[in-house]
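If you read the sequence shown in this note's numbering, its first letter stands for residue 967, the second for the next number, and so on.
In this text, a Cβ means the ideal position worked out from N, Cα and C, and glycines have one as well.
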Amino acid sequence: MSAEVKVWDPLVRIGHWTLVAAFAIAWLTAEELDRVHEWAGYVVLGYVAVRLAWGFVGGRHARFADFVRGPGVVLGYLVDTARLRARRHLGHNPAGGAMILALLAGLAITGLTGFAMTTDAFWGVEWVEEVHEGAAEATLVLVVLHVLGVLVASLEHGENLVRAMVTGRKRALESSPEPATAAAERPATST
Ligand code: HEM
Ligand code: HEM
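Right, here's the structure in full:
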């Protein structure tokens, strides 16, 4: 059996599955159980805030600097994926990284407009309700694409990424740790 290395820290793992549960509860209780809906939404918002901070001070693979890449790199990675020759990454791959930013933005807009609806200033304001609903639906579409992406990457590289999000561990990289370009993009301080 090949060696395994620790990739996802506990905050990322526990946070991810808490987020999945809270997002599902918020969806299932919308217009049914207002208090549960709002509290689930606040859990989502709280985690998004924590995750944004963790993106700067967290462990190596939790940092935005480790997985946020420009549109050209993301597009190139998607093309490589379609050709079944995308490179395996220990942390998030460039397309996964872009999806994480999109998910966090969708969750933030949904949660903040939800909160706005409970304030005197925005209560009953139609456009706020519409943005809330639209952002919730758009985020749900992103989640479906996210899960499909996880499945495709798992199949392509013969590994179980869902299990890795539970245990935090992944098979070590077989070849050279990182290509020259990615290594050059990384700040010298990251370990
Ligand atoms: C059952 C459904 C889901 C599964 C199986 C799943 C699986 C995963 C996996 C395997 C990763 C790590 C990807 C990688 O290896 O690069 C990940 C990351 C992530 N997922 Fe999901 N996911 C699910 C639902 C969701 C939902 C509902 C959300 C948000 C509403 C979400 C948001 C995220 C975020 C933000 C990350 C980045 C983790 C981090 O770096 O903190 N996921 N997911
Ligand atoms: C971030 C996760 C959240 C998701 C996925 C979500 C999703 C939804 C959805 C799908 C609706 C139904 C819209 C409709 O069909 O009319 C809705 C309504 C609503 N949401 Fe959220 N929401 C979230 C967070 C929040 C938060 C944090 C609050 C407030 C603190 C909130 C307050 C409301 C209110 C007041 C409504 C209108 C409900 C009604 O008409 O009875 N939501 N939300």
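Scanning its chain for C-beta atoms nearer than 6 Å, with the 5 sequence neighbours on each side dropped, one finds around H1123 the residues R1054, in chain order. Under DSSP, R1137 forms a beta bridge with E970.
Nearest to E997 by C-alpha distance, out of R1137, F1088, E1099 and V1118, is E1099.
Set against 6 Å, the gap from the CB of L985 to the closest heavy atom of ligand 1 is smaller.
Using a C-beta cut-off of 8 Å, the segment 1128-1140 makes no contact with the segment 1076-1091, since fewer than three inter-stretch Cβ pairs fall below that distance. Here DSSP, grouped into helix, strand and coil, assigns A1087 to coil. Look at H1003 here: in three-state DSSP terms it is helix.
For G1038, the uninterrupted alpha helix (DSSP H) run begins and ends at P1037 to A1048, by DSSP.
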